[in-house]
Amino acid sequence: MRCPQCEGRESRVVDSRDLDESATVRRRRECSVCGTRFTTYERIEAARLVVVKRDGTRQEFDRARLTAGLRKALTRRPVPDDAAERAADAIEAELRSAGIGEVPSSRIGELAQEQLRAIDQIAYIRFASVYRSFEDLEELKREVDSLYSERGAGAGRK
Numbered sequence: 240m241r242c243p244q245c246e247g248r249e250s251r252v253v254d255s256r257d258l259d260e261s262a263t264v265r266r267r268r269e270c271s272v273c274g275t276r277f278t279t280y281e282r283i284e285a286a287r288l289v290v291v292k293r294d295g296t297r298q299e300f301d302r303a304r305l306t307a308g309l310r311k312a313l314t315r316r317p318v319p320d321d322a323a324e325r326a327a328d329a330i331e332a333e334l335r336s337a338g339i340g341e342v343p344s345s346r347i348g349e350l351a352q353e354q355l356r357a358i359d360q361i362a363y364i365r366f367a368s369v370y371r372s373f374e375d376l377e378e379l380k381r382e383v384d385s386l387y388s389e390r391g392a393g394a395g396r397k
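Convert by adding 239 to the 1-based position in the sequence shown; the result is the number in my numbering.
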């Protein structure tokens with residue numbers, strides 16, 4: 240760690256504290272050369288997650304892009320304001336827990352559909368109609384009918 244005053248490379252840790260529920264460590268340091276005290280922050284860097292697109296290209300996982308897509312599907316729906324963020328958190332957690340560095344974009348789409356289906360059926364249909372590119376109204380109708388049948392089965396169990 241370089242001293243911001245003299246750029247010396249030797250310093251000692253005077254104090255350490257956990258921040259953000261232990262996600263960040265704040266350290267007070269003292270330069271061994273000039274005695275200047277300064278603060279550093281250490282954060283855990285998550286493993287890199289690469290998305291493999293349908294055409295074979297690869298790009299870094301973009302959580303903001305996922306959240307934006309979920310938010311668009313949930314627009315004007317009676318759901319909590321943070322529903323898209325919570326769904327994106329769940330999707331990212333599942334992807335990272337798999338322990339693989341590359342994930343097909345289709346898997347992300349499937350997980351997004353699962354999350355939306357659980358949150359709001361209209362948002363799910365909005366997302367699915369774009370993601371799955373329904374060929375005709377019959378295909379869309381079959382998906383809506385499957386939602387109706389699930390809804391009926393769920394109501395019968397309660």
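The beta-carbon is built from N, C-alpha and C at its ideal position, and this holds for glycine as well. Note that the structure is predicted; figures quoted are calculated from it, not measured.
Touch test, the stretch 310–322 against the stretch 360–371, Cβ-Cβ under 8 Å, three pairs minimum: Under the Cβ criterion (8 Å, minimum of three pairs), the stretch 310–322 counts as touching the stretch 360–371.
Three-state secondary structure assigned by DSSP to residue 306: As a working mapping, residue 306 is identified with position 67 in the sequence shown. Here residue 306 sits in helix by DSSP.
Please return the same chain residues whose Cβ sits closer than 8 Å to the Cβ of residue 330, not counting the five positions on each side in sequence. If you number the sequence shown from 1, residue 330 lands on position 91. So the list reads 305, 347, 350, 351 and 354, once near-sequence residues are dropped.
Can you tell which of 327, 336, 264 and 344 has its C-alpha closest to the C-alpha of residue 295? Within the sequence shown, residue 295 is the residue found at index 56, counting from 1. Looking at the Cα atoms, 344 is the closest of the given residues.
Are the Cβ atoms of residue 335 and residue 288 separated by less than 9 Å? The residue you call residue 335 lines up with position 96 of the sequence shown. The residue you call residue 288 lines up with position 49 of the sequence shown. Residue 288 is positioned such that its CB atom lies closer than 9 Å to that of residue 335.
Measure the Cβ-Cβ separation of residue 359 and residue 316 and say whether it is below 9 Å. Here residue 359 refers to the residue found at position 120 when the sequence shown is read from its first residue. Here residue 316 refers to the residue found at position 77 when the sequence shown is read from its first residue. Yes, the Cβ-Cβ distance between residue 359 and residue 316 is below 9 Å.
Is the beta carbon of residue 250 closer than 9 Å to that of residue 277? If you number the sequence shown from 1, residue 277 lands on position 38. If you number the sequence shown from 1, residue 250 lands on position 11. Cβ atoms of residue 277 and residue 250: closer than 9 Å.
Which of the three DSSP states, helix, strand or coil, is assigned to residue 395? The count along the sequence shown starts at 1 and reaches residue 395 at position 156. The pLDDT assigned to residue 395 is 46, lower than 50, so where the model puts this residue is not dependable; a value taken from the coordinates is nonetheless given after this. Residue 395 falls in the helix class under three-state DSSP.
In whole angstroms, what separates the C-alpha of residue 247 from that of residue 291? Counting from 1 along the sequence shown, the entry for residue 247 is found at position 8. Counting from 1 along the sequence shown, the entry for residue 291 is found at position 52. Rounded to whole angstroms, the gap between the alpha carbons of residue 247 and residue 291 is 43 Å.
Helix, strand or coil, according to DSSP, for residue 313 in the structure here? As a first step, residue 313 is located in the sequence shown; it is residue number 74 there, counting from the start. In the structure shown, residue 313 sits in coil (DSSP, three-state: anything other than H, G, I, E or B).
Tell me which residues share the same chain as residue 327 and place their Cβ nearer than 7 Å to its Cβ, disregarding the 5 neighbours each side in the sequence. On the sequence shown, residue 327 is found 88 positions in, with the first residue counted as 1. The residues are 302, 305, 306 and 309.
Between 263, 253 and 281, which has its C-alpha nearest residue 269's C-alpha? Counted from its first residue, the sequence shown places residue 269 at position 30. Measuring C-alpha to C-alpha distances from residue 269 to each of 263, 253 and 281 identifies 253 as the nearest.
For the candidate residues 356, 379, 372 and 374, whose alpha-carbon lies nearest to that of residue 389? Sequence index remark: in the sequence shown, residue 389 carries index 150 (1-based). Closest in C-alpha terms to residue 389, from the list 356, 379, 372 and 374, comes 356.
Of the residues 286, 318, 383 and 274, the one placed nearest residue 341, counting alpha carbons only: Locating residue 341 in the sequence shown gives position 102, where the first residue counts as 1. Taking only the C-alpha atoms, the option nearest residue 341 is 286.
Of the listed residues 280, 373, 362 and 380, nearest to residue 323 (C-alpha basis): Numbered from 1 along the sequence shown, position 84 holds the residue referred to as residue 323. If we check each option's Cα against that of residue 323, 362 comes out closest.
Quick one: measure Cβ to Cβ for residue 240 and residue 279, integer angstroms, because I've assumed they're closer than 8 Å. Looking up residue 240 in the sequence shown gives position 1. Looking up residue 279 in the sequence shown gives position 40. With a Cβ gap of about 6 Å, residue 240 and residue 279 count as contacting.
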